[in-house]
Amino acid sequence: MAGAAALSLTLTACGSESNDNDKDKDADAASYTNDVCKGDVTSADTFKVGGILPLTGNLAFLGPPEIAGVGLAVSDINAAGGVDGAKACHQIEDSGDSTDLSVSTAAASEMVSAKPSVVIGAASSSVSLNFVDTLTSNKIVQISPANTATDLSGYSDYYFRTAPPDTIQGSALGTLIATDGHKKVAFLVFNDTYGTGLRNSTQKAIEEAGGEVVYGGKGDGNEFPAGQTTFSAEVTAALNTQPDAIVVLAFDETKAIIPELANQGWDMSKTYFTDGNTADYSEVFDEGTLEGAQGTIPGPNPDQKFKDNLSGWFKSAENKDLTDFTYGAEAYHAVILAALAATKGGDTTPQTIQKNLAAVSGAVDGSEECSTYEDCVKLLEDGKDINYQGPAGIGPINKQNDPGSAFIGIFQFQKDNTIKWATEVESSS
1252 MAGAAALSLT LTACGSESND NDKDKDADAA SYTNDVCKGD VTSADTFKVG GILPLTGNLA
1312 FLGPPEIAGV GLAVSDINAA GGVDGAKACH QIEDSGDSTD LSVSTAAASE MVSAKPSVVI
1372 GAASSSVSLN FVDTLTSNKI VQISPANTAT DLSGYSDYYF RTAPPDTIQG SALGTLIATD
1432 GHKKVAFLVF NDTYGTGLRN STQKAIEEAG GEVVYGGKGD GNEFPAGQTT FSAEVTAALN
1492 TQPDAIVVLA FDETKAIIPE LANQGWDMSK TYFTDGNTAD YSEVFDEGTL EGAQGTIPGP
1552 NPDQKFKDNL SGWFKSAENK DLTDFTYGAE AYHAVILAAL AATKGGDTTP QTIQKNLAAV
1612 SGAVDGSEEC STYEDCVKLL EDGKDINYQG PAGIGPINKQ NDPGSAFIGI FQFQKDNTIK
1672 WATEVESSS
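Written out as structure tokens, the structure reads:
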């Protein structure tokens, strides 16, 4: 993404910033602060939010909304007085992607040295699997706003997520395909824990609805490696099975798959995508290329006020417009949950957050609902058990450290190759 380098430079700098003197900011931007951590603070005296998020690589389009979610949450926490009197700050490092895991390895090492209260990230499940053991062995809480691979359910006592596992998204996608009347389905899927796991869950839902997977199914061996750039053979093989619908499970490889499907005469309105590639392609493909295609993204459609706040923070911090909101709500939700867990436990260390995270998510029977950090803190101060109802719309954290329930948004591609929210379904894990 064009803005990735600038984000990295700004957000990993030392010092705390508020852009009060920026003449180009919005009129109300003074309410937003960009609270970058100073070099000498740790979880011993600060609510220090680390981030291992995609500034570069094939998921870089998810970087801005996730970073905005972290930054806005930290800003809101400080506006409400911090965490039990301690100031909050953030330090964002680049996760890269699964094609070069050395980037996330270096970021995880930096996080261990930085001694954060919590680490938000990564976006990619494969990238998280690359460093989750490092954080766990150092007893650092990790909360991913975007990981969906089922391999991560219950993986570690220190690993949590505010995005639902692929059992939920796969069920929703398979049901959508079946409801649309498709009986024979082909998969074009990369050989990645996210891709194959989501394929398996979607295939199960398709088959339970009476459908059939005719290409790229579990055990067929037709997956392609991450980073592949040409797909003539795969598309030809898939089309030879005469499918009614095609599911593309990939990241940046999607930009090479779509033209090949179009060139071979496929009806793109019968194509389905997921959160890794349901994105804005308006500057990539000719108008009309993806019109009518559909995709799923975990999470409810955020209300306009929350979107405006995400955009406002990002504009204030980066002087750029936020054009994608995917997983911004989940990133914000993750930071607030961690701050509430620290408040409940009485300190900002990761061990305290780990012990109290499920409780503040509503896992305790009879807990009282609250929807803002400030209101939740007041209830905690009164000795109440709370159920934080944040913008991610998830249910209480369960015994596998996954959301107990979640919404899946269904999006449709428009004529200009942008996506538009259509509806959402709620399901339990």
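Counting in this note's numbering, the sequence shown runs from 1252 upward without gaps.
Glycine included, every Cβ here is placed at the ideal spot set by N, Cα and C.
Please read these numbers as outputs of a predicted model, since none were measured by experiment.
Boundaries of the alpha helix (DSSP H) in which residue i is found, first to last residue
{"i": "residue 1341", "result": "Element bounds for residue 1341: not the alpha helix (DSSP H) but the beta strand (DSSP E), 1339 to 1345."}
{"i": "residue 1445", "result": "1444 to 1459"}
Extent of the continuous beta strand (DSSP E) to which residue i belongs
{"i": "residue 1500", "result": "1496 to 1500"}
{"i": "residue 1486", "result": "Counting along the chain, residue 1486 falls outside any beta strand (DSSP E), though it belongs to the alpha helix (DSSP H) covering 1483 to 1490."}
{"i": "residue 1294", "result": "Residue 1294 -> no beta strand (DSSP E), and no H or E assigned at all."}
{"i": "residue 1648", "result": "Taken as a continuous stretch (DSSP letters only), residue 1648 belongs to no beta strand (DSSP E), as it is neither H nor E."}
{"i": "residue 1463", "result": "1463 to 1466"}
{"i": "residue 1676", "result": "1670 to 1679"}
{"i": "residue 1301", "result": "1298 to 1304"}
{"i": "residue 1639", "result": "1637 to 1639"}
Rounded separation between residue i and residue j - CA only
{"i": "residue 1265", "j": "residue 1363", "result": "The pLDDT assigned to residue 1265 is 32, lower than 50, so where the model puts this residue is not dependable; a value taken from the coordinates is nonetheless given after this. Answer to the nearest angstrom: the Cα atoms are 17 angstroms apart."}
{"i": "residue 1403", "j": "residue 1459", "result": "24 angstroms"}
{"i": "residue 1678", "j": "residue 1315", "result": "27 angstroms"}
{"i": "residue 1531", "j": "residue 1597", "result": "43 angstroms"}
{"i": "residue 1502", "j": "residue 1629", "result": "42 angstroms"}
{"i": "residue 1352", "j": "residue 1375", "result": "11 angstroms"}
{"i": "residue 1602", "j": "residue 1608", "result": "10 angstroms"}
{"i": "residue 1418", "j": "residue 1654", "result": "12 angstroms"}
{"i": "residue 1332", "j": "residue 1590", "result": "12 angstroms"}
{"i": "residue 1471", "j": "residue 1440", "result": "11 angstroms"}
{"i": "residue 1277", "j": "residue 1557", "result": "In this prediction, residue 1277 scores a pLDDT of 42, lower than 50, which makes its location untrustworthy; no coordinate-derived value is stated."}
{"i": "residue 1611", "j": "residue 1647", "result": "8 angstroms"}
{"i": "residue 1616", "j": "residue 1553", "result": "27 angstroms"}
{"i": "residue 1499", "j": "residue 1310", "result": "16 angstroms"}
{"i": "residue 1434", "j": "residue 1641", "result": "38 angstroms"}
{"i": "residue 1662", "j": "residue 1673", "result": "5 angstroms"}
{"i": "residue 1626", "j": "residue 1339", "result": "17 angstroms"}
{"i": "residue 1595", "j": "residue 1529", "result": "37 angstroms"}
{"i": "residue 1651", "j": "residue 1398", "result": "14 angstroms"}
{"i": "residue 1330", "j": "residue 1483", "result": "54 angstroms"}
{"i": "residue 1297", "j": "residue 1373", "result": "22 angstroms"}
{"i": "residue 1675", "j": "residue 1548", "result": "9 angstroms"}
{"i": "residue 1587", "j": "residue 1474", "result": "38 angstroms"}
{"i": "residue 1450", "j": "residue 1431", "result": "18 angstroms"}
{"i": "residue 1270", "j": "residue 1486", "result": "Because residue 1270 sits at a pLDDT of 42, beneath the cut-off of 50, its placement in the model cannot be relied upon, and the following sentence gives the value as read from the coordinates. Roughly 49 angstroms between the two C-alpha positions."}
{"i": "residue 1466", "j": "residue 1511", "result": "17 angstroms"}
{"i": "residue 1585", "j": "residue 1422", "result": "24 angstroms"}
{"i": "residue 1273", "j": "residue 1400", "result": "Because residue 1273 carries a pLDDT of 40, less than 50, the predicted location of this residue cannot be relied on, and the following value inherits that uncertainty. Computed Cα separation, rounded: 41 angstroms."}
{"i": "residue 1578", "j": "residue 1313", "result": "7 angstroms"}
{"i": "residue 1231", "j": "residue 1476", "result": "With the chain represented from 1252 up to 1680, any question about residue 1231 goes unanswered, as that position is not in the structure."}
{"i": "residue 1367", "j": "residue 1294", "result": "5 angstroms"}
{"i": "residue 1463", "j": "residue 1494", "result": "9 angstroms"}
{"i": "residue 1504", "j": "residue 1336", "result": "47 angstroms"}
{"i": "residue 1508", "j": "residue 1526", "result": "16 angstroms"}
{"i": "residue 1258", "j": "residue 1290", "result": "Confidence is the limiting factor: at residue 1258 the pLDDT is only 39, short of 50, which leaves the residue's position unreliable, though a coordinate-based value still follows. Taking the straight line joining both Cα atoms gives about 18 angstroms."}
{"i": "residue 1624", "j": "residue 1593", "result": "12 angstroms"}
Cross-strand partners of residue i (DSSP beta bridge)
{"i": "residue 1545", "result": "1523, 1663"}
{"i": "residue 1439", "result": "1499"}
{"i": "residue 1321", "result": "Bridge partners of residue 1321: none, in fact."}
{"i": "residue 1656", "result": "1679"}
{"i": "residue 1475", "result": "1441"}
Any non-hydrogen atom of the ligand PLP within 7 angstroms of residue i CB
{"i": "residue 1404", "result": "You won't find the ligand PLP in this model; it holds no ligand whatsoever."}
- Message: Would the segment 1340 to 1359 count as touching the segment 1302 to 1311 if we require 3 or more Cβ pairs under 8 angstroms?
- Response: yes
- Message: Just to confirm the assignment: which complete beta strand (DSSP E) runs, minimum length 3, are found wholly within the segment 1513 to 1539?
- Response: 1522 to 1524
- Message: Which runs of the beta strand (DSSP E) at least 3 residues long sit entirely within the segment 1327 to 1389? Give them in chain order.
- Response: 1339 to 1345, 1369 to 1372
- Task: Could you pull out every unbroken beta strand (DSSP E) segment of at least 3 residues lying fully inside the segment 1392 to 1416, listed in chain order?
- Result: 1392 to 1395, 1410 to 1412
- Task: Write down every uninterrupted run of the beta strand (DSSP E) in the segment 1570 to 1632 whose length is 3 residues or greater and which is fully enclosed by it, in chain order.
- Result: 1619 to 1621
- Task: Report yes or no: do the segment 1500 to 1517 and the segment 1625 to 1639 share at least 3 C-beta pairs separated by less than 8 angstroms?
- Result: no
- the segment 1360 to 1378 contacting the segment 1389 to 1401, beta-carbon criterion three pairs below 8 angstroms: yes
- Item | contact_flag[the segment 1520 to 1536, the segment 1282 to 1290] where n(CB pairs < 8 angstroms) is 3 or more | no
- Message: Assess contact between the segment 1559 to 1576 and the segment 1443 to 1453, defined as three or more Cβ pairs (one per stretch) separated by less than 8 angstroms. Is contact present?
- Response: no
- Are three or more beta carbon pairs between the segment 1422 to 1429 and the segment 1366 to 1381 nearer than 8 angstroms? no
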